[in-house]
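Chains as they are written, first to last, in the working numbering: chain A, 5 to 345; chain B, 5 to 345. Heads up, the beta-carbon is just placed ideally off N, CA and C, and yes, glycines get one too. Just so we're clear, the structure is a prediction, and the values are computed from it rather than from any experiment. Data first, discussion second: the structure below is written as structure tokens.
2 protein chains.
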Amino acid sequence: MASDDPRPLTLRDVSEASGVSEMTVSRVLRNRGDVSHATRERVLEAAKTLGYVPNKIAGALASQRVNLVAVIIPSLRNMVFPEVMAGISGVLEDTELQPVVGVTDYMPEKEERVLYEMLSWRPSGVIVAGLEHTEASIAMLKASGIPVVEIMDTDGKPIDCAVGISHRRAGREMARAILKQGYQRIGFMGTKMPLDHRARKRFEGFTEALAKEGVEIVTQEFYSGGSALAKGREMTRTMLEREPELDFLYYSNDMIAAGGLMELLDQGIDIPGQIGIAGFNGVELLDGLPRQVATMDACRTEIGTKAAQVIAARVENPDAEIERIMELTPRISYGDTLKRR
Amino acid sequence: MASDDPRPLTLRDVSEASGVSEMTVSRVLRNRGDVSHATRERVLEAAKTLGYVPNKIAGALASQRVNLVAVIIPSLRNMVFPEVMAGISGVLEDTELQPVVGVTDYMPEKEERVLYEMLSWRPSGVIVAGLEHTEASIAMLKASGIPVVEIMDTDGKPIDCAVGISHRRAGREMARAILKQGYQRIGFMGTKMPLDHRARKRFEGFTEALAKEGVEIVTQEFYSGGSALAKGREMTRTMLEREPELDFLYYSNDMIAAGGLMELLDQGIDIPGQIGIAGFNGVELLDGLPRQVATMDACRTEIGTKAAQVIAARVENPDAEIERIMELTPRISYGDTLKRR
DNA sequence: TTGAAAGCGCTAACAG
DNA sequence: CTGTTAGCGCTTTCAA
Numbered sequence: 005m006a007s008d009d010p011r012p013l014t015l016r017d018v019s020e021a022s023g024v025s026e027m028t029v030s031r032v033l034r035n036r037g038d039v040s041h042a043t044r045e046r047v048l049e050a051a052k053t054l055g056y057v058p059n060k061i062a063g064a065l066a067s068q069r070v071n072l073v074a075v076i077i078p079s080l081r082n083m084v085f086p087e088v089m090a091g092i093s094g095v096l097e098d099t100e101l102q103p104v105v106g107v108t109d110y111m112p113e114k115e116e117r118v119l120y121e122m123l124s125w126r127p128s129g130v131i132v133a134g135l136e137h138t139e140a141s142i143a144m145l146k147a148s149g150i151p152v153v154e155i156m157d158t159d160g161k162p163i164d165c166a167v168g169i170s171h172r173r174a175g176r177e178m179a180r181a182i183l184k185q186g187y188q189r190i191g192f193m194g195t196k197m198p199l200d201h202r203a204r205k206r207f208e209g210f211t212e213a214l215a216k217e218g219v220e221i222v223t224q225e226f227y228s229g230g231s232a233l234a235k236g237r238e239m240t241r242t243m244l245e246r247e248p249e250l251d252f253l254y255y256s257n258d259m260i261a262a263g264g265l266m267e268l269l270d271q272g273i274d275i276p277g278q279i280g281i282a283g284f285n286g287v288e289l290l291d292g293l294p295r296q297v298a299t300m301d302a303c304r305t306e307i308g309t310k311a312a313q314v315i316a317a318r319v320e321n322p323d324a325e326i327e328r329i330m331e332l333t334p335r336i337s338y339g340d341t342l343k344r345r
Numbered sequence: 005m006a007s008d009d010p011r012p013l014t015l016r017d018v019s020e021a022s023g024v025s026e027m028t029v030s031r032v033l034r035n036r037g038d039v040s041h042a043t044r045e046r047v048l049e050a051a052k053t054l055g056y057v058p059n060k061i062a063g064a065l066a067s068q069r070v071n072l073v074a075v076i077i078p079s080l081r082n083m084v085f086p087e088v089m090a091g092i093s094g095v096l097e098d099t100e101l102q103p104v105v106g107v108t109d110y111m112p113e114k115e116e117r118v119l120y121e122m123l124s125w126r127p128s129g130v131i132v133a134g135l136e137h138t139e140a141s142i143a144m145l146k147a148s149g150i151p152v153v154e155i156m157d158t159d160g161k162p163i164d165c166a167v168g169i170s171h172r173r174a175g176r177e178m179a180r181a182i183l184k185q186g187y188q189r190i191g192f193m194g195t196k197m198p199l200d201h202r203a204r205k206r207f208e209g210f211t212e213a214l215a216k217e218g219v220e221i222v223t224q225e226f227y228s229g230g231s232a233l234a235k236g237r238e239m240t241r242t243m244l245e246r247e248p249e250l251d252f253l254y255y256s257n258d259m260i261a262a263g264g265l266m267e268l269l270d271q272g273i274d275i276p277g278q279i280g281i282a283g284f285n286g287v288e289l290l291d292g293l294p295r296q297v298a299t300m301d302a303c304r305t306e307i308g309t310k311a312a313q314v315i316a317a318r319v320e321n322p323d324a325e326i327e328r329i330m331e332l333t334p335r336i337s338y339g340d341t342l343k344r345r
């Protein structure tokens, strides 16, 4: 609370205070059409002293334009998504568009609800993580008639268009890199994946590429919830007790890989001589660790940037041709934990 | 893109498809007022098959109610804020209200812009980080006539009400705890603080409490940007080269403290015997480190929860009495790096 | 360069 | 229980 006047200011108030028609006030406030310098100043003055804040609800209804872009992601706690957001915001800041975030917690039904909620504000575009959605979600997106960019993943069929990396390929490439260094007895650790399709696809690609060389994962371990660092530690300990012969540990994300690194160092294990490790994501956060953990860049910021550019371009020119799948190329960073000397 | 029909569906379409008046359709879709079971079913059926998504823009304009809560925070990359968000979302999910996030990047002018932008959607309430705002921002918030909760900090005068902790007191308490363990030659590391008022207040409280015991910080170091872990490491190294006699390092956040820990361990320094360390925030993330770093809980989730509850309560009952300042109590966690045995 | 009229799609308020 | 009427605050369109 604050002001005693319960009624927010309207264009009419500014109109009356400045002695200029509502229409002209509207023009001034939106920088549209020609308005004489004098009138312009008078309006601006009045708006400022009154403290007028335009009502976008009314504006949007009248103009049938809403400069919002719905961005729907699984979580904000996973460092990946704030970085994607940063990419998106960076681009949209130079346009009229504004991102609005919705979080799904990796739950398809929640995604559906959030989507419904956001679409009911009639945004100019949608950026949504992943290619897997409920039927209803897909139907809504199709019916919305606005540009839809599915991000992060390109292994599948986009509703409209997609910007991301192939996680299957990422898994395969990591597998090849590991084998190439001569590692053979490989363990895998990751999240419980029923709903994290990208982690699942990486895993599939990984095992597939191993299989091609006649190698099978020796053992695996999954977690959910808790501190990723601590979980990485625990799982690593458990796994090594069970399978002391392991010579490589592949982690589905960098945080658990960091935990694993801690555990291995504690145990005095030679990295990468006795055991090599690798994670996924390329999070900058890990830079200060005792070893630079091998990882693979997920192109997070770039995905955000590209997705936002696509939306902005389509809003500008709805009839432009569209590229259905934009696949970026993640790079392996070998760090100090994958290269056997 | 998707559908060929450029015109989104309206209530009228559902009305026609179901043979029920727009008004009744509206009632069904909002679960308001009594509608016979039969009509209800017919409407729902029609809405579903058509794939109707209500237009909240129009709804909000007509009803003069917007179930949005603007949440304005400095950054999403600082783990603290996603956790606050989680607290907020948790509470708002049980209400009609929905959080909408705006990010300021710690810049007052950007905060002003974001605020203006968000207020123009006429939200039902505002949750904004910090007590320091531009004059214009304060004026806007006061004039908005909606509940405003300033979060994270209670050292100052809230516009409407505040939920947070006293960072000054937090700094003081950490100083006392450190002195009590017999540490005397203390170094400080943190972000460059011109715009991070909470870090600044902690620092002030810290030095103040030291001063009261006749102790002064031996040396200090500030950083900005980059990987916090790596920066913590670097600064620690630099600082120890400069002042080898230090016996305690106080870091303004847990990530740089973790980096410092890495460096100290690397150097084979006895923690907490030779040098003790402490950070701030209580981020769960650190659980798997080789030592549990001493820290102080910033009550992040709780702040989010409480702030959302306040907004929800005020939206329910605008005339309820308000508690201006809700100060939570952070607890020191000693971990393994502050207790001298 | 300015103004007047007519809605945007929905809901409050009131009748029936 | 259902329908009718009259806007919400702004912008589009057209006229002056």
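Give the straight-line distance between the Cα atoms of residue i and residue j, rounded to the nearest whole angstrom.
i	j	result
D17/A	E306/B	41 Å
V297/A	G229/B	21 Å
R44/B	P151/B	36 Å
Y254/B	P294/B	18 Å
Q278/A	E245/A	15 Å
D8/B	F85/A	Note that D8/B has pLDDT 44, beneath the 50 cutoff, so the model's placement of it is unreliable and the number below is only indicative. So the two alpha carbons sit approximately 32 Å from each other.
S79/B	Y110/B	7 Å
K310/B	G263/A	33 Å
Q68/A	T333/B	48 Å
E238/A	G283/B	24 Å
Y338/A	D258/A	13 Å
G149/A	P12/B	8 Å
I169/A	N285/A	12 Å
E247/B	E217/B	21 Å
H171/A	L15/B	42 Å
A324/A	M83/A	33 Å
Tell me the residue span of the alpha helix (DSSP H) that contains residue i.
i	result
G236/A	232 to 246
K319/B	Before going further, note that residue 319/B is Val rather than Lys in the sequence given. 304 to 320 is the extent of the alpha helix (DSSP H) around V319/B.
G264/A	258 to 270
A282/A	Unbroken run through A282/A is the beta strand (DSSP E), 280 to 282; no alpha helix (DSSP H).
E20/B	15 to 22
L214/A	201 to 216
Quick one, are the C-beta atoms of residue i and residue j less than 8 Å apart?
i	j	result
T242/B	L268/B	no
R206/A	S256/A	yes
G292/B	Q185/B	no
L183/A	P276/A	no
M300/A	M178/A	yes
F210/B	G160/B	no
T158/A	E331/A	yes
M197/B	G236/B	no
V105/B	V105/A	yes
L101/A	S128/A	yes
E115/A	H137/A	yes
S19/A	V32/A	no
M122/A	G55/B	no
V219/B	L250/B	no
V153/B	I315/B	yes
Can you tell me whether residue i sits near the ligand ATP, meaning its C-beta is under 7 Å from at least one heavy atom of the ligand?
i	result
M27/B	With respect to small molecules bound, the structure shown includes none, and the ligand ATP cannot be examined in it.
Could you spell out the range, first to last residue, of the beta strand (DSSP E) harbouring residue i?
i	result
R37/A	Going by the sequence as given, residue 37/A is Gly instead of Arg. Element bounds for G37/A: n/a, residue is neither H nor E.
L253/B	252 to 255
F226/B	223 to 227
E331/B	329 to 331
Original post:
For the 8 Å Cβ check, are there 3 or more pairs between the stretch 79 to 95 of chain A and the stretch 53 to 65 of chain A?
Top reply: The stretch 79 to 95 of chain A, when compared against the stretch 53 to 65 of chain A, does not touch it at the 8 Å Cβ threshold.
Original post:
What are the uninterrupted segments assigned as beta strand (DSSP E) that are 3 or more residues long and contained completely in the stretch 113 to 197 of chain B, given in chain order?
Top reply: 129 to 133, 152 to 157, 165 to 169, 190 to 195
**OP:** Taking only runs that begin and end inside the stretch 54 to 83 of chain A, name each unbroken beta strand (DSSP E) of 3 or more residues, in chain order.
**Re:** Whole beta strand (DSSP E) segments, 3+ residues: 72 to 77.
Original post:
Are three or more beta carbon pairs between the stretch 67 to 82 of chain A and the stretch 128 to 135 of chain A nearer than 8 Å?
Top reply: yes
**OP:** Could you say if the stretch 282 to 292 of chain B and the stretch 218 to 232 of chain A meet the contact criterion of at least three C-beta pairs nearer than 8 Å?
**Re:** Yes, since at least three Cβ pairs between the stretch 282 to 292 of chain B and the stretch 218 to 232 of chain A fall closer than 8 Å, the two stretches touch.
**OP:** Could you name each continuous beta strand (DSSP E) segment of 3 residues or more that falls completely within the stretch 88 to 116 of chain B, going from the start of the chain to the end?
**Re:** 102 to 107, all fully within the stretch 88 to 116 of chain B.
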